[in-house]
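Chains as they are written, first to last, in our numbering: chain A, 1 to 119; chain B, 1001 to 1134.
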């Protein structure tokens, strides 16, 4: 069982990576991103919708994602986020960096090659 | 913009906006998106209370923390610097005002003291002089 305090700290560093990876699968709206994050990580990652917006806006300002308002039903609108080509390139960079960091941490913590994440 | 129909939702949104440590433009962006999402949530759960809002969207403090974590550091530092300068100016002005007020109070006290103890004595000397001349 994950310690929630630690989990939140770890999550902070990977929020952009995870959101971009989810949007690579398909365009999603805010709550859908939250649900998919939890589902695909088997509960290891969870984020509440309100905390998503600062991350999404940061990615949007950088041009990595774009947003489109879609009418759902008669009155409800949803904002769908879409991964841009520059966002895909940034995602690849983030994954490389993340693997390097995790390997470095495991190297120190476990003192061996065991657990090295391969490319 | 239409008011949110739920009082708890309005209070929640107000609290979030009050805590956001970012520029006005950023605050507006975040609260507009949040407001829309809350509105959609209330369409499904019109009687949602504060607890269910916090569960779905997160405590206002968490949203504020996310804003801080994703803020542009140089903009944040610049805004902090400006705030510190404003606080320093206000404190300096308050101290100056206090000192000026204190100075005038002291001046008034001295004048009052002079009036009570010195003006009466001058009157007495004049009367003695007149008697001697006769």
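Glycine residues also receive a C-beta, built at the ideal position from the N, C-alpha and C atoms.
- DSSP places residue 67(A) inside the beta strand (DSSP E), whose first and last residues are 65 to 72.
- Around the Cβ of residue 86(A), a 10 Å sphere holds fewer than 16 other Cβ atoms; the residue is exposed.
- Excluding five sequence positions before and after residue 55(A), the CB atoms of its chain that fall closer than 8 Å to its own CB belong to 15, 16, 19, given in chain order.
- Here the C-alpha atom of residue 1088(B) lies approximately 21 Å from the C-alpha atom of residue 1022(B).
- Under the three-state reduction of DSSP output, residue 1004(B) falls in the coil class, being neither helix nor strand.
- Contact annotation: residue 50(A) and residue 1034(B) have beta-carbon atoms nearer than 7 Å.
- Residue contact with chain A for residue 1078(B): absent (no Cβ-Cβ distance below 7 Å to any residue of chain A).
- When CB distances to chain A are screened at a threshold of 7 Å, the residues of the segment 1057 to 1071 of chain B falling below it are 1057, 1058, 1062, 1063, 1066, 1067, 1069, 1070, in chain order.
- Residue pairing by DSSP places residue 82(A) opposite 66(A) in a beta bridge.
- In the DSSP annotation of this structure, residue 1020(B) is not part of any alpha helix (DSSP H), being labelled neither H nor E.
- Under the Cβ distance rule, residue 54(A) counts among the residues neighbouring chain B, one pair being separated by less than 7 Å.
- The beta-carbon of residue 1038(B) is placed no less than 7 Å from the nearest beta-carbon of chain A.
- DSSP lists 81(A) as the beta-bridge partner residues of residue 28(A).
- Contacts with chain B at 7 Å (Cβ-Cβ) include residue 76(A).
- Residue 1042(B) and residue 1048(B) have their alpha carbons spaced roughly 7 Å apart.
- In this structure residue 95(A) is not in contact with residue 83(A), their Cβ atoms being roughly 14 Å apart against a cut-off of 8 Å.
- It is roughly 25 Å from the alpha-carbon of residue 72(A) to the alpha-carbon of residue 63(A).
- Within the segment 1038 to 1082 of chain B, the complete alpha helix (DSSP H) segments of 4 residues or longer fall at 1050 to 1057, 1060 to 1069, listed in chain order.
- Listed as beta-bridge partners of residue 76(A) by DSSP are 72(A).
- Going by DSSP, residue 60(A) is part of the alpha helix (DSSP H) stretching over 49 to 61.
- In this model, residue 13(A) and residue 70(A) are separated by some 30 Å (Cα to Cα).
- Contacts with chain B (Cβ-Cβ distance below 8 Å) from the segment 24 to 44 of chain A involve 30, 31, listed in chain order.
- Taking a 10 Å sphere around the C-beta of residue 1057(B), we find 16 or more other C-beta atoms and assign the residue as buried.
- Contact annotation, residue 1009(B) with residue 1038(B): C-beta distance approximately 5 Å; criterion of less than 8 Å satisfied.
- Here residue 1026(B) is buried: its Cβ has 16 or more other Cβ atoms, across all protein chains shown, within 10 Å.
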